[in-house]
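Chains as they are written, first to last, in the working numbering: chain A, 8 to 668; chain B, 21 to 292.
Ideal Cβ placement from N, Cα and C applies to all residues, glycine included.
Just so you know, these numbers come straight off a predicted model, no measurement behind them.
The following block contains the structure:
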């Protein structure tokens, strides 16, 4: 027996407990999206490209959406598919007078678990599955948990929209129609991928719903976009700390988004703006909005006109201008230099005395042309997603020295023959920063976005505490250059403040309640005009200059100094004219001939003073003095300065579009 | 089971030492498996489905897993002891070590182009784990068999044999995998880690012997259950993936081997 000891020992070593189980620290319950009548929690993670994060990091930072399904909410086992949808064109379209998106659109496409893994093909017209839950399901959407920026459109959406989300934004839901609810041509079907599995709804269907093309029914292909399908959710909570929004859903019939509706009724537009549009453009107003102290007016020909809070014209944009109707100079330039490029989506920006044409070559490069009153010249080109190492060495050195660990999100480069401007968007120490470099790569300005109260100087905090106690801050931006550091602070009461780091106020604009207007101003308004129903009013401080702006329901707009002196007034309310003025007009014309009027101090009149300029529909302008008496100064058509500029510019171009009032 | 087989093994050696045998040979053996087939259980469309809660709503379905077939001429080692009795009959016991890889396959809801762009953007590597998971197996085992040699006057003698093998699963782990998919793959793998620790196989074959060298071919097929959840197959209709799902139905293999006697002992002479 002794001779077998050695082989038996060897075998014993081999066989005795050599098996080693693979110990796996996994948790499928943490990672599945199946829930049944017993309820449960589903967490969708932003980790498809690297799920090892589930091991080592705080998984809560990876959650995109969490569903808390109470027991009894579902009758059977269900699989929840969660989708995020974003489209830069849709966001841009919405921003033109409708809404500013602050997040991606999210929605759910549930399937019954009993269906299992069922393959479909493109011909499968499976409709949106509408499920009414027995109890509401709580949804928490972490809108910043998916920071991957791959495409240019994703970067544009991030920097132009999502980064600006603030407490003014609200949660909206957009209805998904039941089958044939809006007609057979307006059904939203599930889209299948090559594997036969749902990947959400068809993007074009989503677009039609989100932009309101499908409801109400409009057979016109040029139906204007709207947010008619949008409803503000009634019960939700936005948590800025963990950047989430929590709400409850009772069914699967809605798409959700954080956004800020900027659209205002055309009737609420200041009369000064409406008058300007009427005098200078050939098409009517389609919709209007106000955002960040700027009025946006969308015309029926898709032109967007911008005005400041004082209703002063800023500029106008016209989109998708076909190449054949561009000025001939530009067409020649393109034919000579880019004969084979696909050119589309051209934009022209009209300013007071010049215009800029932006010609898009592909998705990441634009050519800029400047048109003034006499000629058109090539300005340079603007390139998005510029290569880091193509920048001047001084910029590269600056970045390596000052921001060696920063994440570079995007670089844009404007280059002209004698000028270069580089914008670098970075994230450094959790702060989003835009760096501007001028000619020769010289550092110019840094703009810090999303600052917190603890980031600003004590002097500015003192200013805020003294002037706006207990008013929440929405957004703080710091603009820093060699000469100055200026904070731009937006408060939740729609007050915008520009203030030096030292606490010295630079400018401020603030919407206010009519009862808060100084008594002197109220009295002046009552004594001067008959309009009395104030729609809105604001206070403006700019480099020591102060005034108030007041818009009346009756169609009167007034700018007035704190001293009670009227700076400007204008309107469409005939009753705001002096009695003798009204008598003169009615005696010589008719009420239907009256269009609108301006009222301001004119130092260039033979007798400087306040005058009423009354515009008639036959383009005649009548002038009355401050007492309402007719002044036979120039009883003829008077065209405004803007009108002249517009006409002159368009007559000088070969666009073929001459605006003729 | 483990100790029972040990006991049989030890009893065999005791028997060999006390009967009227002629020779006891110790030697080494090398074998290869030109064909190895692992059959999996089948499931319906709504069973054995993983619904991963990631951005792609990734859904993995084991459609019963394809039958895995491995063809390899990789040599594996073995040691044997053979008892020759009356020139014709022999009994042999051997211990061996055996390892291989195979692919457990499934269906993935994500488009391959989407998957490859995410995990294989350079397009110069193998697409891993899209619809399969590589499994790495390591077994040790012993085999007991008895046989009969023909043509006792010839120098080259054909023989046949039959017996059984017992294999111990030493290790089952994932093979090549994307690091980025490790969490998901481990969840999948954990549900595949159901192979029984000890499994028994029928073995039979034939070969030729020339002096101390033997070349043989044999087949080996599992007998009894090889999956720890085999008895629960089709016994639950639950959609929950957390319920036990047996995977492995049987293991079948063709083998070839060559063995050499290293040391021989005439037992009869010793006893005399």
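inquiry  = Does the stretch 88 to 103 of chain B come into contact with the stretch 113 to 131 of chain B, if we say contact requires no fewer than three beta-carbon pairs (one atom in each stretch) closer than 8 Å?
reply    = Note that the stretch 88 to 103 of chain B touches the stretch 113 to 131 of chain B; at least 3 beta-carbon pairs, one per stretch, sit closer than 8 Å.
task = List the endpoints of the continuous beta strand (DSSP E) containing residue 154 of chain B.
result = To locate residue 154 of chain B, count along the second chain from 1; it is residue 134. According to the DSSP assignment, residue 154 of chain B belongs to the beta strand (DSSP E) that extends over 152 to 169.
query = Roughly how many angstroms separate the alpha carbons of residue 206 of chain B and residue 452 of chain A, rounded to a whole number?
reply = The sequence position of residue 206 of chain B within the second chain is 186, counting from 1. The sequence position of residue 452 of chain A within the first chain is 445, counting from 1. Roughly 49 Å between the two C-alpha positions.
query = Taking the alpha helix (DSSP H) that residue 211 of chain B falls in, what are its first and last residues?
reply = Counting from 1 along the second chain, the entry for residue 211 of chain B is found at position 191. Counting along the chain, the alpha helix (DSSP H) containing residue 211 of chain B begins and ends at 202 to 212.
ask   = Between the stretch 382 to 411 of chain A and chain B, which residues of the former have CB atoms less than 8 Å from a CB of the latter, in chain order?
value = Taking 8 Å as the Cβ-Cβ cut-off, the stretch 382 to 411 of chain A has no residue approaching chain B.
request  = Note down, in chain order, each residue of its chain lying with its Cβ closer than 7 Å to the Cβ of residue 138 of chain A, except the 5 sequence neighbours on either side.
outcome  = On the first chain, residue 138 of chain A is found 131 positions in, with the first residue counted as 1. Counting only residues of its own chain and dropping the five nearest sequence neighbours on each side, residue 138 of chain A has a CB closer than 7 Å to the CB of 117, 258 and 259.
request  = Please list the partners that residue 73 of chain B has in chain A, where partner means a Cβ-to-Cβ separation under 7 Å.
outcome  = Taking the first residue of the second chain as position 1, residue 73 of chain B is located at position 53. Neighbours of residue 73 of chain B on chain A, chain order: 38, 39, 40, 49, 50, 51 and 52.
ask   = Counting only beta-carbon atoms, is residue 127 of chain B nearer than 8 Å to chain A?
value = Within the second chain, numbered from 1, the residue matching residue 127 of chain B stands at position 107. Closer than 8 Å to some Cβ of chain A, the Cβ of residue 127 of chain B qualifies, so yes.
ask   = Near residue 617 of chain A, which residues of its chain fall below 6 Å by C-beta distance, leaving aside the five closest residues on each side in sequence?
value = Translated into the one-based positions of the first chain, residue 617 of chain A becomes position 610. Excluding residues within five positions, the ones whose Cβ falls inside 6 Å are 608 and 633.
7 Å CB neighbourhood of residue 228 of chain A in its chain, flanking five on each side removed = Working through the first chain from its first residue, we reach residue 228 of chain A at position 221. Because the pLDDT at residue 228 of chain A is just 47, under 50, the model does not fix this residue reliably, and the point stays unresolved.
inquiry  = Distance check for residue 630 of chain A and residue 644 of chain A, CA to CA, integer angstroms please.
reply    = By 1-based counting over the first chain, the position of residue 644 of chain A is 637. By 1-based counting over the first chain, the position of residue 630 of chain A is 623. Its pLDDT being 42, under 50, residue 644 of chain A is placed unreliably in this model, and the coordinates cannot settle the point.
task = Rounded to whole angstroms, what's the CA-CA distance from residue 272 of chain A to residue 438 of chain A? Just pull it up for me.
result = The residue you call residue 272 of chain A lines up with position 265 of the first chain. The residue you call residue 438 of chain A lines up with position 431 of the first chain. Take the alpha-carbon of residue 272 of chain A and the one of residue 438 of chain A: they are about 37 Å apart.
key: Where the beta strand (DSSP E) through residue 612 of chain A begins and ends   = In the first chain, counting from the first residue as 1, residue 612 of chain A sits at position 605. It is not in any beta strand (DSSP E) - residue 612 of chain A carries neither H nor E in the DSSP assignment.
query = From this set, B/81, B/57 and B/74, which residue's C-alpha is nearest residue 67 of chain B's C-alpha?
reply = Position 47 of the second chain holds residue 67 of chain B. For residue 67 of chain B, the closest alpha carbon among the candidates B/81, B/57 and B/74 is that of B/81.
task = Say whether chain A places a C-beta atom closer than 8 Å to the C-beta of residue 150 of chain B.
result = Position 130 of the second chain, counted from the start, is the residue given in the question as residue 150 of chain B. No, because no Cβ of chain A sits closer than 8 Å to the Cβ of residue 150 of chain B.
key: Distance between residue 54 of chain B and residue 281 of chain B (C-alpha atoms, nearest Å)   = Locating residue 281 of chain B in the second chain gives position 261, where the first residue counts as 1. Locating residue 54 of chain B in the second chain gives position 34, where the first residue counts as 1. Cα atoms of residue 281 of chain B and residue 54 of chain B: separation of roughly 24 Å, rounded to the nearest angstrom.
inquiry  = Quick check on this structure: which residue in A/337, A/79 and A/343 has the alpha carbon closest to the alpha carbon of residue 353 of chain A?
reply    = On the first chain, residue 353 of chain A is found 346 positions in, with the first residue counted as 1. The candidate whose alpha carbon is nearest that of residue 353 of chain A is A/337.
inquiry  = Beta-carbon within less than 8 Å of residue 43 of chain A's beta-carbon, same chain only, minus the 5 sequence neighbours each way: which residues are those?
reply    = If you number the first chain from 1, residue 43 of chain A lands on position 36. Here the set comprises 81, 83, 84, 85 and 120.
ask   = Which residue comes first and which comes last in the beta strand (DSSP E) that contains residue 95 of chain A?
value = Along the first chain, read from residue 1 onward, the residue named residue 95 of chain A stands at position 88. No beta strand (DSSP E) contains residue 95 of chain A, which is instead part of the alpha helix (DSSP H) from 95 to 102.
request  = Under 7 Å between beta-carbons, which chain B residues line up against residue 86 of chain A? List them in chain order, please.
outcome  = Residue 86 of chain A sits at position 79 when you count from the first residue of the first chain. Chain B residues near residue 86 of chain A: 71.
ask   = What number of angstroms, rounded off, separates the C-alpha of residue 33 of chain B from the C-alpha of residue 44 of chain B?
value = Residue mapping note: residue 33 of chain B aligns to position 13 of the second chain, counting from 1. Residue mapping note: residue 44 of chain B aligns to position 24 of the second chain, counting from 1. With a pLDDT of only 47 at residue 33 of chain B, under 50, the local geometry of the prediction cannot be trusted, and no value is derived from it.
query = So, do the stretch 230 to 245 of chain B and the stretch 261 to 280 of chain B have three or more beta carbon pairs nearer to each other than 8 Å?
reply = Contact between the stretch 230 to 245 of chain B and the stretch 261 to 280 of chain B is present: 3 or more CB-CB pairs across the two stretches fall below 8 Å.
query = Since residue 626 of chain A sits in a beta bridge, which residues does DSSP pair it with?
reply = Taking the first chain and counting its residues from 1, the one referred to as residue 626 of chain A is at position 619. Note: residue 626 of chain A sits in no beta bridge, so no partner.
inquiry  = Which residues in chain A have a C-beta closer than 7 Å to the C-beta of residue 180 of chain B? List them in chain order.
reply    = In the second chain, counting from the first residue as 1, residue 180 of chain B sits at position 160. Residue 180 of chain B does not reach chain A, its nearest Cβ partner there being about 26 Å away, counting only Cβ pairs nearer than 7 Å.
query = Which stretch, first to last residue, makes up the beta strand (DSSP E) that contains residue 252 of chain A?
reply = As a first step, residue 252 of chain A must be located in the first chain, where it is residue number 245. Where residue 252 of chain A is concerned, the enclosing beta strand (DSSP E) stretches over 251 to 258.
key: Expected contact under 8 Å - CB spacing of residue 170 of chain B and residue 181 of chain B to nearest Å   = Residue mapping note: residue 170 of chain B aligns to position 150 of the second chain, counting from 1. Residue mapping note: residue 181 of chain B aligns to position 161 of the second chain, counting from 1. Here residue 170 of chain B is actually not in contact with residue 181 of chain B; their C-beta atoms are around 12 Å apart, not less than 8 Å.
Boundaries of the alpha helix (DSSP H) in which residue 505 of chain A is found, first to last residue = On the first chain, residue 505 of chain A is found 498 positions in, with the first residue counted as 1. Run containing residue 505 of chain A: none in the alpha helix (DSSP H); it sits in the beta strand (DSSP E), 502 to 507.
ask   = Should residue 205 of chain A be listed as close to the ligand GTP, given that the test is whether its C-beta is under 7 Å from any heavy atom?
value = The ligand GTP is absent from the structure shown, which contains no ligand whatsoever.
message = Can you give me the C-alpha to C-alpha distance between residue 166 of chain B and residue 246 of chain B, rounded to a whole angstrom?
response = As a working note, residue 166 of chain B is residue 146 in the second chain. As a working note, residue 246 of chain B is residue 226 in the second chain. Looking at the two C-alpha atoms, the distance is approximately 24 Å.
task = Determine the DSSP secondary structure at residue 113 of chain B, reduced to helix, strand or coil.
result = Counting from 1 along the second chain, the entry for residue 113 of chain B is found at position 93. If DSSP states are grouped into helix, strand and coil, residue 113 of chain B belongs with the strands.
ask   = chain B beta carbons: is any one of them nearer than 8 Å to that of residue 121 of chain A?
value = The sequence position of residue 121 of chain A within the first chain is 114, counting from 1. Residue 121 of chain A counts as touching chain B.
request  = Taking 8 Å as the cut-off, decide whether the C-beta atoms of residue 87 of chain A and residue 111 of chain A are in contact.
outcome  = Counting from 1 along the first chain, the entry for residue 87 of chain A is found at position 80. Counting from 1 along the first chain, the entry for residue 111 of chain A is found at position 104. No, the pair does not count as a contact, with Cβ atoms beyond the cut-off.
request  = With a floor of 4 residues, list each alpha helix (DSSP H) that falls wholly inside the stretch 381 to 409 of chain A, ordered by position along the chain.
outcome  = Listed in chain order, the alpha helix (DSSP H) runs fully inside the stretch 381 to 409 of chain A are 400 to 409, counting runs of at least 4 residues.
task = Could you tell me which uninterrupted beta strand (DSSP E) segments, each at least 3 residues in length, are contained entirely in the stretch 152 to 195 of chain A, listed from first to last along the chain?
result = Counting only runs of 3 or more residues that sit fully inside the stretch 152 to 195 of chain A, the beta strand (DSSP E) segments are 177 to 182, in chain order.
query = Does the beta-carbon distance from residue 151 of chain B to residue 128 of chain B come in below 8 Å?
reply = Position 131 of the second chain holds residue 151 of chain B. Position 108 of the second chain holds residue 128 of chain B. Yes. Within cutoff.
request  = With a cut-off of 8 Å on the beta carbons, I'd call residue 577 of chain A and residue 605 of chain A a contact; round off their distance for me.
outcome  = The count along the first chain starts at 1 and reaches residue 577 of chain A at position 570. The count along the first chain starts at 1 and reaches residue 605 of chain A at position 598. Right, their Cβ atoms sit about 4 Å apart.
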